[in-house]
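**Student:** Positions in the sequence shown are counted from 1; adding 1228 to them yields this note's numbering.
No residue lacks a Cβ here, since even glycine has one placed at the ideal position from N, Cα and C.
Only a predicted model underlies this, so the values are computations on that prediction, with no experimental measurement involved.
What follows is a single structure, and I will ask about it in a moment.
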Amino acid sequence: MLSIRDLYVNYGGIEAVKGVSIDVPQGEIVTLIGANGAGKSTILRTVAGLIKPASGSVSLGEEDITNISPDRIVSKGITMVPEGRKVFSDLTVLENLKIGAFLRKDKIDDDISWVYELFPRLKERAWQSAGTLSGGEQQMLAVGRALMSRPKLMMMDEPSLGLAPIIVKGIFEIIKEINRQGVTILLVEQNANMALMTADTAYVLETGRMTISGTGKELQKNEAVKKAYLG
1229 MLSIRDLYVN YGGIEAVKGV SIDVPQGEIV TLIGANGAGK STILRTVAGL IKPASGSVSL
1289 GEEDITNISP DRIVSKGITM VPEGRKVFSD LTVLENLKIG AFLRKDKIDD DISWVYELFP
1349 RLKERAWQSA GTLSGGEQQM LAVGRALMSR PKLMMMDEPS LGLAPIIVKG IFEIIKEINR
1409 QGVTILLVEQ NANMALMTAD TAYVLETGRM TISGTGKELQ KNEAVKKAYL G
């Protein structure tokens, strides 16, 4: 579904991503793990059109989408749940969800109902300002807002960051449910245990380079991965 080939991304004079190639098969959950600064979030932002690569390519199916604008990326079925949630604090929960559908011209009522089924807490707080929600509720809202564009591929950047363990477990259950309902997932996650338990395929990045890849289960058993990331 998504193919990244020999990707190089620079920040000023610093090579943040160095020749990375990744495949995201349709219907799978694919995760990128690695330390802070490994280049994981940079890859997501490049796919989303927020950063232009120095070289390499990003393809959706047979189409090269390397240098198209973020709004066109969304229109092609790719959306991102950003690190830190980035909800619109002064707007209500419902208004945040409607913003997620900004490119759509059709009716969105069924999709709002779907988000409320996934996250009943959001329905309870539909008229509440997003800035008054808890961290876990804001993460639910960020995911729900991304779903409002009806994505084929959802990219998620650190969805468990700053959340209590019991909330993290619930977020990962929702990730699996979204995937079961037909959305392919590309996940960046510091919680390597949860990420590998959830993912079909996993890649390890170290200082901008891909070092290990395999199934989630294979990487859970890999001695180097266990030592570096699983404790």
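What is the DSSP secondary structure of Thr1426, counted as helix, strand or coil?
**Tutor:** One-based indexing of the sequence shown puts residue 1426 at position 198. Thr1426 falls in the helix class under three-state DSSP.
**Student:** Once the 5 residues before and after Leu1353 are set aside, which same chain residues still bring their CB inside 6 Å of it?
**Tutor:** Taking the sequence shown and counting its residues from 1, one reaches residue 1353 at position 125. The sequence shown places Arg at residue 1353, not Leu. Excluding residues within five positions, the ones whose Cβ falls inside 6 Å are Val1321.
**Student:** How many Å lie between Pro1298 and Leu1391 at the Cα?
**Tutor:** Position 70 of the sequence shown, counting from 1, holds the residue named residue 1298. Position 163 of the sequence shown, counting from 1, holds the residue named residue 1391. Using only the alpha carbons, I get a separation of about 28 Å.
**Student:** For the alpha helix (DSSP H) containing Asn1407, list its first residue and its last residue.
**Tutor:** Within the sequence shown, numbered from 1, the residue matching residue 1407 stands at position 179. Residues 1393–1408.
**Student:** Lys1455 to Met1422, Cα distance in whole Å?
**Tutor:** To locate residue 1455, count along the sequence shown from 1; it is residue 227. To locate residue 1422, count along the sequence shown from 1; it is residue 194. Using only the alpha carbons, I get a separation of about 16 Å.
**Student:** Where does Asp1251 fall in DSSP's three states?
**Tutor:** The residue labelled residue 1251 in the question sits at position 23 within the sequence shown. DSSP places Asp1251 in strand when its eight states are reduced to three.
**Student:** Looking only at its own chain, which residues have a Cβ that is under 6 Å from the Cβ of Leu1235, when we skip the five neighbours before and after it?
**Tutor:** By one-based count along the sequence shown, residue 1235 stands at place 7. Hits under 6 Å: Val1245, Val1248, Pro1281, Gly1284.
**Student:** Applying the 10 Å Cβ sphere with the 16-neighbour rule, what's the burial state of Ser1341?
**Tutor:** Counting from 1 along the sequence shown, the entry for residue 1341 is found at position 113. By the 10 Å Cβ count, Ser1341 comes out exposed.
**Student:** Just the C-alpha distance for Leu1278 and Met1384, rounded to the nearest angstrom, thanks.
**Tutor:** Walking along the sequence shown from the start, residue 1278 turns up at place 50. Walking along the sequence shown from the start, residue 1384 turns up at place 156. The alpha-carbon atoms of Leu1278 and Met1384 are separated by roughly 15 Å.
**Student:** Using the rule of at least 16 other Cβ atoms within 10 Å of the residue's Cβ for burial, across every protein chain shown, is Pro1379 buried or exposed?
**Tutor:** Locating residue 1379 in the sequence shown gives position 151, where the first residue counts as 1. Buried is the call here.
**Student:** Do you know whose CA, among Met1425, Thr1439, Gly1436, lies nearest Lys1449's CA?
**Tutor:** Start at 1 with the first residue of the sequence shown, and residue 1449 comes out as number 221. Taking only the C-alpha atoms, the option nearest Lys1449 is Met1425.
**Student:** Val1302 and Leu1272 look like a contact to me (Cβ under 8 Å); what is the Cβ gap, rounded to whole Å?
**Tutor:** Within the sequence shown, numbered from 1, the residue matching residue 1302 stands at position 74. Within the sequence shown, numbered from 1, the residue matching residue 1272 stands at position 44. With a Cβ gap of about 14 Å, Val1302 and Leu1272 do not count as contacting.
**Student:** Excluding the five sequence neighbours on either side, which residues of its own chain have a C-beta within less than 8 Å of the C-beta of Trp1355, listed in chain order?
**Tutor:** As a position in the sequence shown, residue 1355 is number 127, starting the count at 1. Hits under 8 Å: Thr1320, Val1321, Leu1322.
**Student:** Can you name, in chain order, every residue of its own chain whose Cβ lies under 6 Å from the Cβ of Val1396, other than the five neighbours on each side?
**Tutor:** On the sequence shown, residue 1396 is found 168 positions in, with the first residue counted as 1. Here the set comprises Ser1388.
**Student:** Could you tell me the boundaries of the alpha helix (DSSP H) in which Leu1375 lies?
**Tutor:** In the sequence shown, the residue the question calls residue 1375 occupies position 147. 1363–1375 is the extent of the alpha helix (DSSP H) around Leu1375.
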